[in-house]
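Okay, structure first, notes after.
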């Protein structure tokens, strides 16, 4: 399967990543990628950038080194109401918004019910395009409820290659959960992104272990948005319509 996009990469702006946008773009080009989403962590992450950083991302050109750059964020979900650590004014200026639950960001949920509510409510925010690493064992969820919500709100779910790295302690033993998510996504017609979550330029587009999970879940290019340029282009176009027509979300 040929990946053409990586929708989750980090730069030095995240505080614990080590390459520039230019370095990430060059690495993406070398791997044959056409699109990367630069999704530096939101400001609630220790060492994360100030909101001004995201407001000024329009300084970055649409294309760098022959690779399309989606100016984005990996926003932190803060509570069961789905609150994010960037406001609508900032989010509205971005090309792509990923969101997820992370440690050390003040997240207030305490159990699987809270976590499920947090993610589902975040999906209702019309700015949110993708939920990152939803299979983290450290933040259990009702997976079927989550996938059905993603189908309803048109949100991408991620298979995160970094989750299978030996040093990602909080995401160990997530293979079975990720396979389950992939099968449910296929059943309910949810877009799946197979992303690197790269924190250094050599990691861009390196998704072999996540792709193996996708295959085990019987996902094909039809389901994986990173391998389907037409579906990604359509998704991004539909995103513009969504932001023009959908009211801001209301937590449940």
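Numbering (this note's numbering), first residue to last: 270 to 521. Note that the Cβ used here is the ideal one computed from N, Cα and C, for glycine as well.
Alpha carbons only, please: which of the options is nearest the one belonging to residue i?
i	options	result
residue 321	282, 351, 380	282
residue 330	485, 291, 490	291
residue 397	420, 462, 425	425
residue 418	457, 474, 350	457
residue 338	297, 373, 286	297
residue 332	323, 352, 364, 470	364
residue 561	334, 389, 367	No information on residue 561 is available, as it lies outside the stretch 270 to 521 that the chain covers here.
residue 315	285, 480, 299, 512	285
residue 351	395, 432, 278	395
residue 481	432, 354, 506, 508	432
When DSSP labels each residue in this structure, what does residue i get in the three-state scheme?
i	result
residue 464	strand
residue 345	strand
residue 521	Since pLDDT at residue 521 reaches only 48, below the 50 mark, its modelled position is unreliable, and no value is offered.
residue 272	coil
residue 332	strand
residue 497	coil
residue 482	helix
residue 379	coil
residue 337	strand
residue 325	coil
residue 394	coil
residue 388	helix
residue 289	coil
residue 309	strand
residue 314	coil
residue 355	coil
Taking buried to mean at least 16 other C-beta atoms within 10 Å of its own C-beta, is residue i buried or exposed?
i	result
residue 379	exposed
residue 358	exposed
residue 384	buried
residue 318	buried
residue 503	exposed
residue 325	exposed
residue 472	buried
residue 521	Residue placement at residue 521 cannot be trusted, given a pLDDT of 48 that sits under 50; the coordinates are not used to answer.
residue 514	exposed
residue 288	buried
residue 361	exposed
residue 499	exposed
residue 510	exposed
residue 466	buried
Within this structure, are the beta carbons of residue i and residue j separated by less than 7 Å?
i	j	result
residue 369	residue 401	yes
residue 347	residue 376	yes
residue 464	residue 276	yes
residue 491	residue 270	no
residue 295	residue 273	no
residue 483	residue 446	no
residue 459	residue 420	yes
residue 374	residue 454	no
residue 399	residue 462	yes
residue 381	residue 409	yes
residue 494	residue 488	no
residue 486	residue 451	yes
Would you call the stretch 302–313 and the stretch 329–343 in contact, with 3 or more CB pairs under 8 Å?
yes
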